Amino acid sequence: MQQSVKTIKFPFILDRTILIAILILPVINFCLANLSRSLYFQDGTLGICPSIGVYLATVRLLGYRIWPAILLSEFIGNYLLFYQNIWISGSLAVVALIDPLVITWLNNRFIKRRNVLERAQDVFKFVLLLIPTQLVTSTLSVILLCVGGYSPWNVYGDVWRSWLTANFIGLFIVTPAVLAWFVEQQQRRLHPRRVVEFALILLSLIVISQIAFWGGYPVEYMMILPLLWSAFRFKATESTLLVVIMSAIAVYGTAHDFGSFARKSITESLVLLQSFIGAIALTTFVLSAIVNENRKAAANLQKANDELEQRVQQRTTELIAAKLLADSANQAKSEFLANMSHELRTPLNGILGYAQILQLSSALTHKERKGVEVIHQCGSHLLTLINDILDLSKIEAGKMELYPQDFHFLTFLQGVVEICCIRAEQKGILFLYQPSTQLPSAICADEKRLRQVLINLLGNAIKFTDSGGVTFKVDVISQETLTKGFTQLKSYKIRFQIEDTGVGIAPEKLDKIFLPFEQVGNIEKQAQGTGLGLTISQKVIAMMDSKIKVKSQKGKESGSTFWFEVKLSEAEEWIQTHSIALQNKVIGFKGKKINILTVDALWENRSIVINLLEPIGFEVFEASNGQEGLEKATEIQPDLIITDLRMPVMDGLTMTKHLRQLFELQNVVIIASSASVFDINRQKALDVGCNDFLPKPIQADELLRQLQTQLQLTWIYHNESELTRKLAPVVTEIVIPQISELMTLYEAAQRCDIGDIQAEIHRIKQLDPKYIPFVEQILTLTDEFEIEAIAHLLQAHIPTN
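Mapped onto our numbering, the consecutive letters of the sequence shown carry residue numbers -5 to 795.
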């Protein structure tokens, strides 16, 4: 039933619309025609024809069905006001009907919007679409005037041009104004302030018009300023209204010989006037369209932002539950890693601490000292494995960072080589270290991370090499000098390259070796690691703006080559400061006696600090918890406190807070030392007032460095031949004896005859000093009765038939 009602009502609306248009449109045309008479030039020529613009706007608003109203309106206006010839008036009415119908069709085809001021490109399209029909209708209209005797043929060109421009200006000025007023659905409520502002714009337009047309000053183009003002501040309705007013004033003034556009020649006056109106209107309309586009874009953006915000809120709500579960799992993992790290580092602190203390003892034999070094190196390796697990957690959380510091580069490399030499000797393979002679003595880098990468790559090479050997090359690729202020810094591009004669890696597996928990090669060897080393190493090197590269072939003794290149700056200041320390050990310090308080729940941890510091002149006191440490500190007034974080009764953080509140101890130096080495633990310690953080296991050199920094100490050194020997240059090449000599040794090894092996190796030593490094390799294995390792080592250098 509702459907039928709509069907009956709709045609009624259409008929009523046409009827109203037939009644109203002729009245509008009649009024505009009478108004145009006041704008005539002396021969009746029009500067602008507003009726044609109204017709086009009407068709754009009401559709093609309105054509009878336009035809009747134009006929009545022509017959009553201009041409009393029915045939001429009717013909001109038919011709006038072409413009609104054809232009509307072209607009629907190419613009597809009623309001042509919505986009700047639509304004230009509208101008172009007016031209074809105007050429046709102007030509037909002037021909009808000449045929009817209303215009002589000898002035056909002038009449045609004035008819064309008058209609064109009428369409271009009036149509957008009417459309803007009727198409705008959301009328903005004008506040009193905006009404006043519009009145000021209109007043300024009238004042400039008065000065230009009636004052005789050529300032007509100043009228563009209030029009631009309106385009920015108001909608198209206000801007188009001002353009219509401006056009009417300009036509009226010029038609009555006012202003700089008035000339003796009507043609010249029309050209100047209509060019002015067109330029001003086009500029205003384009700017209004651009402003309208920007407003719509801003509104759409705001709408999109609102919708996006709603979706984000919805999505956030949906993710809260999942996040809670993930946070719970991550919290459990973090707590597990933190507890595991703390529990493992605590016994390691005792192992590595006393290994360092024993290394300082002069009562150890060479063999005992070597055993202590092995304990220290193995403990350090275990610490590295623990750090790998923690580093993986940091990588997943995106919290891994580099902490560059100055250190002695050659000693650093020597330490890495010594660790790897032990592993190579245990497997019975050669380990060659080939450093460049151009390497800097000291560099600035993250020593811990660089050591971690090198030990991992070298350890993998040794692990997957059963015969032959591993070669570690460190070369300087390039060198440059950088100027920073008044200081010149040397920068080196250094290549670290590890070559082995292992089983190699299949090409299809090269891309997988850097993935977490991905291991290739022998299953037994895979079980010896965590599968995290290469992943962490690649991440660390990427943070140094480089990449680990690999070249390998699958097959027996085909081998693999890993290398990376990093830029490292030389630490000249460190060299000058520590040149003496590199050849001497600390035996004391200059100045007054210093009291140090160590606070730790475990006696072995306190014992390590005591045994490291008392021999070089510090007086060390101890406390087993924070409460006892607080009382002890108040009693002895120490110069420096080393405290653990986790302790019974009172922890280290709480103790530090209390110390910072005591006037006599608020400036005492406090170093937090803990096996909880996460960055959050370090930051908590610094936030409560600690001056520095010393991770456990405690490294003697790091402890001394922090003491020197915090207390401004000057060390007293003593020469130590053992340390000097360790810092001596390493043999860079091992020369292999001739095959005949190797065969004799190999046969003795197969017989398991230690005596013959030792006799033969001493004989080879006498042949040429260049064989000494090779001889020492064999003698080391002989001392350990590693006959099988000797056989494997020799077999790798004996060609097979």
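Ideal Cβ positions, reconstructed from N, Cα and C, are used throughout, including at glycine. Note that the coordinates shown come from a computational prediction; the quantities given were computed from them, not determined experimentally.
Between Q789 and V410, what straight-line distance do the alpha-carbon atoms span, to the nearest angstrom? Position 795 of the sequence shown holds residue 789. Position 416 of the sequence shown holds residue 410. Using only the alpha carbons, I get a separation of about 27 angstroms.
Check whether the segment 254 to 274 and the segment 307 to 316 are in contact - that is, three or more C-beta pairs closer than 8 angstroms. no
I want to know whether the segment 526 to 540 touches the segment 591 to 604 - three or more CB-CB distances under 8 angstroms. no
Assuming I46 and L165 are in contact, meaning their beta carbons sit under 8 angstroms apart, how far apart are those beta carbons, in whole angstroms? Along the sequence shown, one-based indexing puts residue 46 at 52. Along the sequence shown, one-based indexing puts residue 165 at 171. 6 angstroms between Cβ atoms; contact.
Evaluate the contact criterion for the segment 437 to 451 versus the segment 533 to 542: three or more CB pairs, one atom per stretch, below 8 angstroms. yes
Assign E191 to one of three DSSP states: helix, strand, or coil. Translated into the one-based positions of the sequence shown, residue 191 becomes position 197. In this structure, E191 counts as helix in the three-state DSSP scheme.
Could you give the distance in angstroms between the alpha-carbon of G496 and the alpha-carbon of F556? The residue given as residue 496 occupies position 502 in the sequence shown. The residue given as residue 556 occupies position 562 in the sequence shown. Answer to the nearest angstrom: the Cα atoms are 12 angstroms apart.
Name the one or two DSSP bridge partners that P689 has. For the purposes of this step, residue 689 is taken as residue 695 along the sequence shown, with counting starting at 1. Beta-bridge pairing links P689 to S668.
Whole-angstrom distance between I665 and E754, CA atom to CA atom: Taking the sequence shown and counting its residues from 1, one reaches residue 754 at position 760. Taking the sequence shown and counting its residues from 1, one reaches residue 665 at position 671. Between E754 and I665, the C-alpha separation is close to 57 angstroms.
Taking all protein chains shown into account, do 16 or more other C-beta atoms lie within 10 angstroms of the C-beta of W81, making it buried, or fewer, making it exposed? In the sequence shown, counting from the first residue as 1, residue 81 sits at position 87. Burial call: exposed.
Which residue comes first and which comes last in the alpha helix (DSSP H) that contains K561? By one-based count along the sequence shown, residue 561 stands at place 567. Careful: K561 lies outside any alpha helix (DSSP H), inside the beta strand (DSSP E) at S554 to E564.
State yes or no: is the C-beta of R489 within less than 7 angstroms of the C-beta of E412? As a working note, residue 489 is residue 495 in the sequence shown. As a working note, residue 412 is residue 418 in the sequence shown. No; because the gap between Cβ atoms is not below 7 angstroms, this pair is not in contact.
Tell me, to the nearest whole angstrom, how far the beta carbon of V245 is from that of I42; I am working on the premise that it is less than 8 angstroms. Here residue 245 corresponds to residue number 251 of the sequence shown, with the count starting at 1. Here residue 42 corresponds to residue number 48 of the sequence shown, with the count starting at 1. Yes, they are in contact, since the Cβ atoms of V245 and I42 sit about 5 angstroms apart, within 8 angstroms.
So the candidates are L606, I610, S563 and N599; which of them puts its Cα closest to the Cα of K586? Position 592 of the sequence shown holds residue 586. The option with the nearest alpha carbon to K586 is I610.
Quick check on the burial criterion: 16 or more other C-beta atoms within 10 angstroms. Buried or exposed for F252? Residue numbering aside, residue 252 sits at position 258 when the sequence shown is read from its first letter. With 16 or more Cβ atoms within 10 Å of its Cβ, F252 is classed as buried.
I499 and S554: beta carbons closer than 7 angstroms? Here the question's residue 499 lines up with position 505 in the sequence shown. Here the question's residue 554 lines up with position 560 in the sequence shown. Result yes, Cβ atoms of I499 and S554 sit closer than 7 angstroms.
Heavy atom of the ligand MN within 6 angstroms of K361 beta-carbon: In the structure shown, the ligand MN is absent, as is every other ligand, since no ligand is present at all.
Decide yes or no for the touch test of the segment 342 to 362 against the segment 598 to 608: beta carbon pairs closer than 8 angstroms, at least 3 of them. yes
Starting from the C-beta of A90, find all residues in its chain whose C-beta is less than 6 angstroms away, skip the five residues before and the five after it, and write them out in chain order. Within the sequence shown, the letter at position 96 stands for residue 90. E68.
Alpha helix (DSSP H) segments (min. 4 residues) lying fully within the segment 619 to 654: 620 to 630
Contact set for N450: own chain, Cβ-Cβ below 6 angstroms, skip 5 residues either direction: If you number the sequence shown from 1, residue 450 lands on position 456. These residues qualify, in order along the chain: G527 and S531.
Same chain, Cβ closer than 8 angstroms to T738, five either side skipped, listed in chain order: As a first step, residue 738 is located in the sequence shown; it is residue number 744 there, counting from the start. The residues are E754.
With DSSP run on the structure shown, which of helix, strand or coil describes H791? Along the sequence shown, one-based indexing puts residue 791 at 797. Note: H791 maps to coil in three-state DSSP.
Could you please give the first and the last residue of the uninterrupted alpha helix (DSSP H) stretch that includes L591? One-based indexing of the sequence shown puts residue 591 at position 597. Unbroken run through L591 is the beta strand (DSSP E), N589 to V593; no alpha helix (DSSP H).
In whole angstroms, what separates the C-alpha of T98 from that of W154? Locating residue 98 in the sequence shown gives position 104, where the first residue counts as 1. Locating residue 154 in the sequence shown gives position 160, where the first residue counts as 1. Roughly 23 angstroms between the two C-alpha positions.
Three or more beta-carbon pairs under 8 angstroms between the segment 16 to 26 and the segment 53 to 66, yes or no? yes
Using only CA atoms, which one of V470, L407, V682 and S546 lies nearest to I507? For the purposes of this step, residue 507 is taken as residue 513 along the sequence shown, with counting starting at 1. That would be S546, whose Cα lies nearest to the Cα of I507.
Would you kindly work out how many angstroms separate the C-alpha atoms of L235 and F24, rounded to a whole number? Here the question's residue 235 lines up with position 241 in the sequence shown. Here the question's residue 24 lines up with position 30 in the sequence shown. Cα to Cα, L235 sits roughly 21 angstroms from F24.
Do P434 and V468 have their CB atoms nearer than 7 angstroms? The residue labelled residue 434 in the question sits at position 440 within the sequence shown. The residue labelled residue 468 in the question sits at position 474 within the sequence shown. In this structure, V468 does not lie closer than 7 angstroms to P434 by Cβ.
Taking the alpha-carbon positions, what's the L424 to G463 distance? Against the sequence shown, residue 424 aligns to sequence position 430. Against the sequence shown, residue 463 aligns to sequence position 469. Straight-line Cα distance between these residues: approximately 4 angstroms.
Taking just the CA atoms, how far does T650 sit from I806? With the chain covering only -5 through 795, there is no way to say anything about residue 806.
Distance, Cα to Cα, I784 vs D460? Locating residue 784 in the sequence shown gives position 790, counting from the first residue. Locating residue 460 in the sequence shown gives position 466, counting from the first residue. I784 and D460: Cα-Cα distance of roughly 12 angstroms.
Check whether the Cβ atoms of V117 and V280 lie closer than 7 angstroms to each other. One-based indexing of the sequence shown puts residue 117 at position 123. One-based indexing of the sequence shown puts residue 280 at position 286. Cβ distance < 7 angstroms, so V117 and V280 count as in contact.
Unbroken beta strand (DSSP E) run spanning L426, endpoints: Position 432 of the sequence shown holds residue 426. It spans L424 to P429 - the beta strand (DSSP E) in which L426 sits, taken as one unbroken run.
When you compare only the Cα positions, how much space is there between I772 and H791? Locating residue 772 in the sequence shown gives position 778, counting from the first residue. Locating residue 791 in the sequence shown gives position 797, counting from the first residue. If I take the Cα positions, the gap works out to 13 angstroms.
For V769, collect the residues of the same chain with a Cβ closer than 7 angstroms to its Cβ; drop the 5 residues on either side in sequence, then sort them by chain order. Here residue 769 corresponds to residue number 775 of the sequence shown, with the count starting at 1. For V769, where only same-chain residues beyond five positions count, the Cβ hits under 7 angstroms are I755, I758 and K759.
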